[in-house]
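The structure under discussion appears below in the form of structure tokens.
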Amino acid sequence: MHIDAVAESQARQFIAGRDQTIYTGPTSAPAVTMRTLPRDVAGFTGRDAELQWLIAAASRTSGLVTVYTIDGMPGVGKTALVTRAAHVLADAFPDGQLFVNLHAHTPGQQPADPRDVLGDLLACTGMPQGEIPGSVEARAQRWRGRLAGKKVLLVLDDAADHAQVEPLLPGAAACVVLVTSRRRLIAFHGAEALSLATLPSGQALELFTRAARRTPVRQERDAVADLVDRCGYLPLAITLLAGRLAHHPAWDVGAFADEFAAAQDRLGELEAGDRAVTAAFDLSYRALSLNQQRLFRRLGLHPGFSFDLYAAAALDDISVVQARRQLHALYADHFIDEPALGRYSLHDLLRAYAQALAAQDSAEEREYATDRLIAYYQRTAEAADRLIRYPRPGGVALIDASATTPELADREHALTWMRTERSNLLACASFAAINVRDSHVICLAKAMASFLSQDGVWDQAAVLHEAALTAAHNIGDRLAQADALQNLSWARSGMGAYSAAENLADQALASYRSLNDRNGEANALLNLSQARRLRGNYDVASYLAEQALALYRSLGNRHGEARALQAQSWIRHVAYGECGAAADLIQQALCLYRALGDRLGEASALSNLRVVRHELGEYSTAADLAEQALVLYRALGIRKGEADALRGLSRARCSLGNYEVAADLAEQALALYRSLAARHGEAEALLVLGQVRVMTRKFQAATDLAQQALTLYQALDFGHGKANALRLLGQAQHLSGEYSAAADLLEEARTLFHHFGDNQGEAEVLNCTGALLVDSAGVQEAFVAYRQALQLARKVQSPLDEAHALEGVAQCLIRSGQQQAALVDLRSAVAIYQRIGAAEAISTQEHLTALQVSTRA
68 MHIDAVAESQ ARQFIAGRDQ TIYTGPTSAP AVTMRTLPRD VAGFTGRDAE LQWLIAAASR
128 TSGLVTVYTI DGMPGVGKTA LVTRAAHVLA DAFPDGQLFV NLHAHTPGQQ PADPRDVLGD
188 LLACTGMPQG EIPGSVEARA QRWRGRLAGK KVLLVLDDAA DHAQVEPLLP GAAACVVLVT
248 SRRRLIAFHG AEALSLATLP SGQALELFTR AARRTPVRQE RDAVADLVDR CGYLPLAITL
308 LAGRLAHHPA WDVGAFADEF AAAQDRLGEL EAGDRAVTAA FDLSYRALSL NQQRLFRRLG
368 LHPGFSFDLY AAAALDDISV VQARRQLHAL YADHFIDEPA LGRYSLHDLL RAYAQALAAQ
428 DSAEEREYAT DRLIAYYQRT AEAADRLIRY PRPGGVALID ASATTPELAD REHALTWMRT
488 ERSNLLACAS FAAINVRDSH VICLAKAMAS FLSQDGVWDQ AAVLHEAALT AAHNIGDRLA
548 QADALQNLSW ARSGMGAYSA AENLADQALA SYRSLNDRNG EANALLNLSQ ARRLRGNYDV
608 ASYLAEQALA LYRSLGNRHG EARALQAQSW IRHVAYGECG AAADLIQQAL CLYRALGDRL
668 GEASALSNLR VVRHELGEYS TAADLAEQAL VLYRALGIRK GEADALRGLS RARCSLGNYE
728 VAADLAEQAL ALYRSLAARH GEAEALLVLG QVRVMTRKFQ AATDLAQQAL TLYQALDFGH
788 GKANALRLLG QAQHLSGEYS AAADLLEEAR TLFHHFGDNQ GEAEVLNCTG ALLVDSAGVQ
848 EAFVAYRQAL QLARKVQSPL DEAHALEGVA QCLIRSGQQQ AALVDLRSAV AIYQRIGAAE
908 AISTQEHLTA LQVSTRA
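Numbering (our numbering), first residue to last: 68 to 924.
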């Protein structure tokens, strides 16, 4: 009998493993039922890309039967997708479209036996019961024979494993099989797999609004977005939750969202009749082995959101080999995801489910598991820290990693591990603090201090060190208190909270002295020196740095000595304008770092030396030093240092007239600073980029950048930075024709520089003021400003400012009719510009040549 001859009234939906009544016509021939698709999914939403891929793939012909597996976690919408696809594809398979529920996860029912399924499938083709053979193999052979030469679409829904599916596959090349499963059916040969993730946010919102039968008004959109987010973008959860709204049209969406957010048992809220997220999870969970169940429960105890093999092994107190095997099984059953190689995570609702299951274990068992986990993170972080931080005299040598600790071969591996696990380390510290496991908090904070400082993660560092300070107080550990104060001071300084940093550094210094910890005292002195320097107290900062240097030398701490030399160099350069002395000090530090093999210290010293050489007008040398530092920082993976080097290189390129390159470098630095939330660095980069915009006559852009920098410096309460921003803003306003505003800004900048004793900064402002006065007030006032700038520039050995002042004086003399006198100053300016390779050399030389010609005439 040809299957097309069967009347539609004879059709039925086949359900494996259940007795069925087959309605037949008046003849005695067996009924042929080859169209058993369930009804199409009403209002099918989303999955456009997956649906189109499936339809296109199933439409292709090949020499073999084509099998497509669709896997995903419970409730992700596998059945809905294949049902929709099957209806779209139905016309392409005129010989039949069969839908078979294999019941791998049907409540109260065993997974369908392939033998029984084959018996019913053969009956569907019209084979009399008496002719159906007994064995699975024979039935499978007859099944393939019945489909020979036919085009049939077979949907196998909710498959348990490949063993259940394999006997059911047709042999005809024109047939297509769609298989859904909660498991990744890895053992299928030749099958193409489609793993369904949760819905993208836009599709999840669309599904919710359709299922809820309402269109959110503008003020309700955030509430709906929050609801689907808390559902983990899982279609089953979204549909169940939206259904509650659909049945209560008077309910307010915002209030409903608040209620769901506050629910203690969120999974309990996601149920309707016999449909529930928990029930779907339960069926899969029961199919796991006892060992897999236990590991899954313990994964719910992890305070973070992703983990590796070693963390899983620690939680379950098993070997890494065993953990790998168990995680593979959980992954295959969609209990966990593997978003990156060797990194695992749980869907939000599965995490909540695991936590609920874990809560049924004894408190002692849960505590042991989390203690093992935190101990693993602490042990590995301490090993990483020894590779990352500056070595200290008497420090513990790196020991061999244990069998449950990943290998950290070098500093690069240590940084990679720290960055990968940062959120987990912080989560463990928070968990330990909440559960009053104070020693863990202290140890984790200490192990992460150098890493967080080097990466500039100041806000997270501050929270961690505050927790460590509290923990140290709790257990009366005075040394740990001093360390926490010191680390918290560094964090506050990095955040720009300089007053708080200074206060904390004072407390740390007093604590170390009371403990007679001289190395800690030296560190605190240097830290306090920086805090005072950032507050503009340069004399006190210099005195503290000298004390720290003497103490480090007496202790034989050469790393500390190098850092103290760097601090002194900065003060000599910025506060006192002593560039020569500053260069000598930083050169000493550079030699120490190189002798110690400390590449990070070397990079830092190169960056500082670059600043001094730039101020001395050695722009090519400054660019070379910045490039050397950049290479080191990138090799070491220090992003804050990389940003500093990019900014310094931009400044050097700008001074050399390479404006396009300078702008690109400054923008790279700015993006890096912003990604690190390094506000001080961000402000510095804005100033450098603003100066480039001035040099390329983009004055409005320069004004905007300078204003952004000024706002940041004001928020940071950093007076020196504020002065620099005011100077650039005044210069940009002048060149934009806003003379009155420019005068006020430049005067405010000069007052600040004078207050800080920064002669170079004041000289730069006076040169800008002279240029403004030439355009707005008159030559005589401008001449006075330029002469003052010249005096200060020569005092601090700043050749660029000296050349700017000489050029300005020459301009004033020319306007006063004193061309011969102007020639002397202009020649001097040109000579300086040419010697230092400044961009101004060409234009000033042209001006000098023109003046020489005019004076001869």
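Ideal Cβ placement from N, Cα and C applies to all residues, glycine included.
Taking 8 Å as the threshold (C-beta atoms), are residue j and residue i in contact?
i	j	result
A379	L362	yes
L754	N791	yes
L39	L611	Past the edges of the chain, shown from 68 to 924, lies residue 39, and the structure says nothing about it.
R213	L235	no
A799	A830	no
Q614	L582	no
P105	T150	yes
A241	P370	no
R706	L739	yes
Give me, in chain order, the residues of the same chain whose beta-carbon lies closer than 8 Å to that of residue i; leave out the 5 immediate sequence neighbours on both sides.
i	result
L394	L362, L376, A379, I403 and Y411
T94	Any reading at T94 is ruled out, since the residue's pLDDT is 39, under 50, leaving its predicted position unreliable.
A917	none
E685	I903
In angstroms, rounded to a whole number, what distance separates the CA positions of residue i and residue j?
i	j	result
E144	F785	For clarity, residue 144 is Gly in the given sequence; the question names Glu instead. Taking the straight line from one Cα to the other gives about 56 Å.
D573	Y565	12 Å
L732	W557	28 Å
F850	C879	6 Å
H229	L223	11 Å
L220	Q208	18 Å
A782	D665	35 Å
A123	A239	19 Å
E694	S578	41 Å
L915	G804	26 Å
H480	A535	26 Å
S921	G563	55 Å
A906	D868	13 Å
H315	R280	10 Å
L274	S268	10 Å
Under a three-way DSSP split, which group does residue i fall into?
i	result
L266	coil
I137	strand
R456	coil
A330	coil
F850	helix
Q43	It is not possible to answer for residue 43, since the shown part of the chain is limited to 68 through 924.
R102	strand
F498	helix
F374	strand
N805	It should be noted that the sequence gives Glu, not Asn, for residue 805. In the structure shown, E805 sits in coil (DSSP, three-state: anything other than H, G, I, E or B).
D289	helix
D225	strand
D811	helix
V387	helix
P181	helix
Y411	strand
Whose C-beta lies closer than 6 Å to the C-beta of residue i among residues of the same chain, with five residues either side of it excluded?
i	result
S883	V846
For the ligand SAM, any of its heavy atoms closer than 7 Å to the Cβ of residue i?
i	result
L873	No copy of the ligand SAM appears in this structure; indeed no ligand is present at all.
Considering only the alpha carbon of each residue, which of the options lies closest to residue i?
i	options	result
I653	V607, H640 and G664	H640
E233	S497, L779, T133 and T306	T133
R353	Q919, L873, S621 and Q176	Q176
G603	K789, R680 and E287	K789
A689	G715, I705, G704 and V698	G715
P302	A872, L169, V388 and R114	R114
Y853	E259, A448 and G875	G875
Y398	D138, R277, S621 and A271	D138
G409	Q427, A426 and V387	V387
Spatial neighbours of residue i within its chain, please: CB distance less than 7 Å, with the 5 preceding and 5 following residues excluded, ordered by chain position.
i	result
L813	R794, G797, V832, C835, T836 and L839
W318	L312
L571	L552, L555, S556 and R559
R741	E749
V155	I122
F820	A790, G828, E829 and V832
With a threshold of 8 Å between beta-carbons, can residue i be considered close to chain B, or not?
i	result
V232	Among the chains in the structure shown there is no chain B, since it carries only a single protein chain.
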